[in-house]
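J.: Supplied in structure tokens, the structure appears directly below.
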Amino acid sequence: MMHTNYTVKESPPSVEDFASLRKLIGWSNPCLSVVQKSIDASLFWATIYLDNNLVGCGRVIGDGAMYFYIQDVIIHPEHQNKGLGSKIMNTLISTFRVLLRTWRNHWLVG
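Under the UniProt record's numbering, think of the first position of the sequence shown as 1, with each following residue one higher.
Take a look at the structure:
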């Protein structure tokens, strides 16, 4: 069950926060400029904060037309097993469903 003080946002984390969270779980990072390019190239994000500290994130990447997939779902070790990963997944899927309806309408009109 999620703690009531967690805040879910549909926006990317800062490059420093994202790199720190990746490092915390044992993933390596390229230089921060490359990490920033990766953040910027993502289609959309779900992030979770506790007291303005990033404790979880996930993103959707793809070509923006036909192919999309979920990448980098990460939860801070001290906040695992609290439903945060599920919250990130549900947020990403919900956002994608809304965007898909918008894109379908565009394809039908365009």
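The beta-carbon is built from N, C-alpha and C at its ideal position, and this holds for glycine as well.
1. To the nearest angstrom, how far is the alpha carbon of PHE18 from that of ILE93?
2. Using only the alpha-carbon positions, how far apart do GLN80 and LEU21 sit?
3. Do ILE48 and VAL15 count as a contact pair if the criterion is CB distance below 8 Å?
4. Within 10 angstroms of its Cβ, does TRP27 collect 16 or more other Cβ (buried), or is it exposed?
5. From CYS57 to TRP45, what does the alpha carbon distance come to, in whole angstroms?
6. Run through the DSSP bridge pairs and tell me what VAL60 is partnered with.
7. Per DSSP, what are the beta-bridge partners of VAL8 in this structure?
T.: Reading it off the structure:
1. Roughly 21 Å separates the two Cα atoms.
2. Here the C-alpha atom of GLN80 lies approximately 13 Å from the C-alpha atom of LEU21.
3. Annotated as distal: VAL15 and ILE48, with beta-carbon spacing of 8 Å or more.
4. Classification of TRP27: exposed, given that the 10 Å Cβ count is below 16.
5. Cα to Cα, the separation comes out at about 7 Å.
6. DSSP, once it has assigned bridges, lists PHE44 and ILE70 as partnering VAL60.
7. Partner(s): ILE48.
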